[in-house]
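Okay, so here's the structure we're looking at.
Numbering (the UniProt record's numbering), first residue to last: 1 to 164.
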């Protein structure tokens, strides 16, 4: 599959939000408690994705004409105490129809981090999702503490990227 990962247009923000809503319904069906509890879409409403797109921080993973995934990419994050050059991945979501989209997004972000001279790619995920934590660990995202925002408690994870 030849994916393209690029900044979203403001008019495409609704598609990113639709993927989030689709994933929340999936979490309800399979019994994962993460975005589907705690008011995720109230904290990150569709307007948030429009703002991120306008600021050039919302990226879409494209598979031809289809949107296979989305993520918000930041260069700083208040949940982390130190500030080495890093990309912070938030709101990472893959379409239910695009197996492997999340991994493809991480691959693209890691490549961008090398090109832009970042030391790390960083993210967080719920402490209550062992499968996702194991997935990130296997991809080289090592535990780097915890963060909390409201009822959400997350594991902060980071991956050092090689500079060429």
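Glycine residues also receive a C-beta, built at the ideal position from the N, C-alpha and C atoms.
The structure displayed is predicted, hence computed values, not measured ones.
Per the C-alpha coordinates, the member of 99, 84, 63, 56 positioned closest to residue 73 is 56. Comparing alpha-carbon positions, the option among 78, 11, 9, 37 lying closest to residue 90 turns out to be 78. Secondary structure remark: continuous beta strand (DSSP E) runs of at least 3 residues inside the UniProt domain "N-acetyltransferase" (15 to 162), in chain order: 58 to 63, 66 to 74, 86 to 94, 120 to 126, 142 to 149, 152 to 160.
In the DSSP assignment, residue 4 falls within the unbroken beta strand (DSSP E) covering 4 to 7. The residues 103, 106, 159, in chain order, have a CB closer than 8 angstroms to that of residue 139 in the same chain once the five nearest residues on each side in sequence are set aside. In this structure, the alpha-carbon of residue 42 lies about 33 angstroms from that of residue 161. It is roughly 26 angstroms from the alpha-carbon of residue 157 to the alpha-carbon of residue 50. By the Cβ neighbour-count rule, residue 69 is buried, with 16 or more other Cβ atoms within 10 Å of its own. Under the criterion of beta carbons closer than 8 angstroms, residue 32 and residue 129 qualify as touching, at roughly 6 angstroms. Contact annotation: residue 26 and residue 96 have beta-carbon atoms nearer than 8 angstroms.
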